[in-house]
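22 is the number that the UniProt record's numbering gives to position 22 of the sequence shown; each next residue is one higher, with no gaps. Each residue gets a CB set at the ideal place from its N, CA and C atoms; glycine is no exception. Predicted model, so just to flag it, every value in this text is computed and none were measured. Some notes on the structure that comes next.
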Amino acid sequence: MLAVQLANAKVKTPRLTPKEACYNCDEPLVHEPDRLFCDKDCADDFEKYPREA
């Protein structure tokens with residue numbers, strides 16, 4: 001069991017990179033290009049609802 005937990009700990013989660021638009025609603029983030037989401041609600045919704053790959 002410990003070996004599985006250690007292996008899972010080493011798996012890196014893919015990180016999002018800024019794309020100058022909200023990842024949830026695609027609203028342009030022209031004045032804040034380093035942000036990933038336009039607001040906290042979009043960030044929460046992105047985490048809450050599954051995405052199609």
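- Inter-residue distance for P18 and D41 is about 17 Å (C-alpha atoms, whole angstroms).
- Assignment of beta-bridge partners to A21 by DSSP yields P28.
- D44: member of the alpha helix (DSSP H) spanning K40 to K48, first to last residue.
- Burial check for Y49: the Cβ neighbour count within 10 Å stays below 16, so the residue is exposed.
- Exclusion of the five residues before and after Q5 leaves no residue of its chain whose Cβ lies closer than 6 Å to its Cβ.
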